[in-house]
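Student: Start counting the sequence shown at -13; every next residue gets the next number (my numbering).
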Amino acid sequence: MPADADVNKIFKSLSINLSSYKGKDLEVFSPIDGSNIASIKCDSEKSVDKKISNSVLAFNEWRDVPAPKRGELIRLFSNELRNNKEQLARLVTIECGKILEEGRGEVQEMIDICDFAVGLSRQLYGLTIASERPNHTMQETWYPLGVIGVISAFNFPVAVWAWNFALAIVCGNSVIWKPSEKTPLTAIACHEIFEKLCKKFPAAPKNLSSLIIGKHEVGEQLVNDRRIPLISATGSSRMGKIVGPKVAQRFGRSLLELGGNNAVIATDSANLDIALPSILFGAVGTAGQRCTTTRRVFVHKKIHDILFSKLKNAYESIGKNKVGNPLDKKTLVGPLIDSASFDSMQNALKRAREEGGKVFFGERMTTKNLANGYYVKPALVSMAKQTAIVKEETFAPILYVIPYSTLEQAMEWHNAVPQGLSSAIFTNDLREAEYFKKRSDCGIANVNIGTSGAEIGGAFGGEKETGGGRESGSDSWKYYMRRQTSTTYHGTKAPALAQGINFNL
Ligand code: UN1
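This is the structure we're talking about:
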């Protein structure tokens, strides 16, 4: 079926009428075959402004709805996601090109964070703190923040939004979402499913969720608007370097989840049956377009040749049989998002060769009937050392493999990149594992598990140019609330002053 007919069928089965979104501003293409799947209207400066005002009104009502009731709305939303998992997964695949199995994983990630948020809605705990003064009660309470702006990227078009959305909503906020201009359709689908639900949920105010479609200008408008106390943005470090300071300038908060240049260290005690599949999924899964993708492997020189030859065999067979239409069951690697992404991959491989690397595979493949899709054989690059190109994040399936002699040296190379998102060690040696966790400068440090595919229960994010934000599980919900300390006096005489200060007439 042509991709646009497939998209129309999905929206029909979701009972979503796309007509109010149709327009001439934004052409949406499927990376599967480069075909045009929709023409969409963009928001104007005026309509964005109106949506922000409406979102403030929604917040003013929603903040007073009891948190467990807010959780009930998210529980109903997760039911809708469960019921429509297959259609949504297919839409994710058609719009961003990841294989259907990973499209399903993405929808599952939304369901999981909704479940987490439902439980959280009864656990937004504060503290009671011992006061130094008699008859004083000191408390710390969390209150909702306001309108939360979410800017999401094409590679996880709905899951990362859901991490922010589900938590922000149970915390009592309203949300404005600006999805990537490459993936507006999945955003429209999720937003509309939520909208329909809100209409049947009397406690939900109008415009609890708002969607803004457009290019970077509309994103910038959100970033600069003082009515939005938190901007949560996912994308490149280049984007984060613009967003972070702009939000800070108006004393807003930002939650940034930016680039990664994630590495694996394979020590001489590594179990290769564990290391090999983990490195492969991390490096070629989602066609190398995850922020957690494995981009560098430091291999102990004793096992370098054997691991490299196993990797090479695996890459060869993936390149031969497993790259293709992401809707086909046997495919493991779908297309790159677009031609610009292909060009940046080829450019990186050229630089890798110039810097002394030996490049295997990485070339474009033409796939029957999909001539306008950018399909590549994932590239494997043997490097003697970590050169300049290895330190850059190229958002494509390129894996640099570098031998090392001591773990200290590998650790130093590991940390010598601007980004600090995810990392992993493969070892059977407890001391090496603990040393690695202590020294890795990343937000995520795994042992005998690859760099990508984190569960929602942990806090997700990283240090340095990854932006420092933490989304999803653990106590990330605190980003979406403001903390208030309150001391109450319940004595009968004039209250004592703190620090024992006397101030008597
Ligand atoms: C991203 O690429 O922006 O850990 C998010 C993972 C996924 C999320 C990736 N759960 O790979």
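Every residue gets a Cβ at the ideal spot worked out from N, C-alpha and C, and that includes glycine.
Predicted model only: the values in this text are computed from it and were never measured.
1) Could you give the DSSP three-state label for residue 118: helix, strand or coil?
2) Using 8 Å for Cβ pairs, my map puts residue 383 next to residue 268. What's the rounded Cβ distance?
3) Could you please give me the residues that DSSP links to residue 353 through a beta bridge?
4) Nearest to residue 398 by CA position, among 415, 421, 379, 381, is which residue?
5) Let's test the definition: count the other Cβ atoms within 10 Å of the Cβ of residue 265 and tell me whether it reaches 16, buried, or not, exposed.
6) For a test of the three-state rule: what should DSSP assign to residue 400, helix, strand or coil?
7) Taking 7 Å as the line, does the beta carbon of residue 277 fall inside it for any heavy atom of ligand 1?
8) Residue 151: buried (16+ other C-beta within 10 angstroms of its C-beta) or exposed?
9) So which of 208, 200, 24, 32 has the shortest CA-CA distance to residue 4?
10) Indicate, with yes or no, if ligand 1 has a heavy atom lying under 7 Å from the CB of residue 142.
11) Hey, residue 389 and residue 17 are a contact pair by Cβ (cut 8 Å); roughly how many whole angstroms apart?
12) Taking the alpha carbon of residue 199 as the reference point, which residue from 240, 139, -9, 230 has its own alpha carbon closest?
13) Closer than 8 Å by C-beta to residue 19: which residues in its own chain qualify, once you throw out the five before and the five after it? Chain order, please.
14) Quick check on the DSSP output: what are the complete beta strand (DSSP E) runs of length 3 or more inside the stretch 399 to 446, in order along the chain?
15) With distances taken between CB atoms, is the gap from residue 45 to residue 210 smaller than 8 Å?
16) Relative to the C-alpha of residue 190, which candidate in 408, 1, 51, 401 has its C-alpha closest?
17) Do you know how far the Cα of residue 22 is from the Cα of residue 65?
18) Just to confirm, does residue 220 get its C-beta within under 7 Å of one of the non-hydrogen atoms of ligand 1?
19) Starting from the Cα of residue 219, find the closest Cα among 371, 208, 213 and give me that residue.
20) Answer yes or no: the CB of residue 117 versus the heavy atoms of ligand 1, is any distance below 7 Å?
21) Roughly how many angstroms separate the alpha carbons of residue 115 and residue 128, rounded to a whole number?
22) Does DSSP put residue 15 in a helix, in a strand, or in coil?
23) With a cut-off of 8 Å, do at least 3 Cβ pairs link the stretch 449 to 462 to the stretch 279 to 293?
24) Taking the alpha-carbon positions, what's the residue 408 to residue 229 distance?
25) For ligand 1, any of its heavy atoms closer than 7 Å to the Cβ of residue 438?
26) Kindly list the residues whose CB is nearer than 7 Å to the CB of residue 440, restricted to its own chain and excluding five residues on each side of it in sequence; keep chain order.
27) Apart from the five residues just before and just after residue 181, which ones in its own chain have a Cβ nearer than 8 Å to its Cβ?
28) Entirely within the stretch 52 to 128 and at least 4 residues each: give me those alpha helix (DSSP H) ranges in chain order.
29) Alpha helix (DSSP H) containing residue 298: first to last residue?
30) For the pair the stretch -9 to 2 and the stretch 332 to 339, tell me if three or more CB-CB distances fall below 8 Å.
31) Residue 177: which of 212, 197, 186, 166 sits nearest, CA to CA?
32) Is any heavy atom of ligand 1 found at a distance shorter than 7 Å from the C-beta of residue 146?
33) Taking buried to mean at least 16 other C-beta atoms within 10 Å of its own C-beta, is residue 111 buried or exposed?
34) Consider the C-beta atom of residue 53 and the heavy atoms of ligand 3; say whether any pair is separated by less than 7 Å.
35) Any heavy atom of ligand 1 inside 7 Å of the beta-carbon of residue 431?
36) Can you list, in chain order, the residues of its chain whose CB lies under 8 Å from that of residue 432, leaving out five sequence neighbours each side?
Tutor: Reading from the atomic positions:
1) coil
2) With 8 Å as the limit, residue 383 and residue 268 do not qualify as a contact, their Cβ atoms being about 10 Å apart.
3) Residue 353 pairs with nothing; no bridge assigned.
4) 421
5) buried
6) helix
7) yes
8) With 16 or more other Cβ atoms inside 10 Å of its own Cβ, residue 151 counts as buried.
9) 24
10) Residue side-chain check: residue 142 places its Cβ nearer than 7 Å to a non-hydrogen atom of ligand 1.
11) The Cβ separation is near 35 Å, so there is no contact.
12) 139
13) -11, 355, 356, 357, 358, 359.
14) Uninterrupted beta strand (DSSP E) stretches at least 3 residues long and entirely within the stretch 399 to 446 occur at 408 to 412, 430 to 433, given in chain order.
15) no
16) Checking every option, the nearest Cα to that of residue 190 belongs to 51.
17) About 31 Å.
18) yes
19) Between residue 219 and the set 371, 208, 213, the nearest pair of CA atoms involves 208.
20) no
21) 14 Å
22) In the structure shown, residue 15 falls within a strand segment according to DSSP collapsed to helix, strand and coil.
23) Verdict: no, contact absent.
24) Their Cα atoms are separated by approximately 22 Å.
25) yes
26) Once the five neighbours on either side are set aside, the close Cβ partners of residue 440 are 278, 430, 446.
27) 195
28) The stretch 52 to 128 contains these whole alpha helix (DSSP H) runs: 53 to 69, 71 to 82, 86 to 106.
29) 287 to 303
30) no
31) 197
32) yes
33) Its Cβ having fewer than 16 others within 10 Å, residue 111 is exposed.
34) Inclusion of ligand 3 in the displayed structure is not the case, the ligand content consisting of ligand 1 alone.
35) no
36) 408, 409, 410, 411
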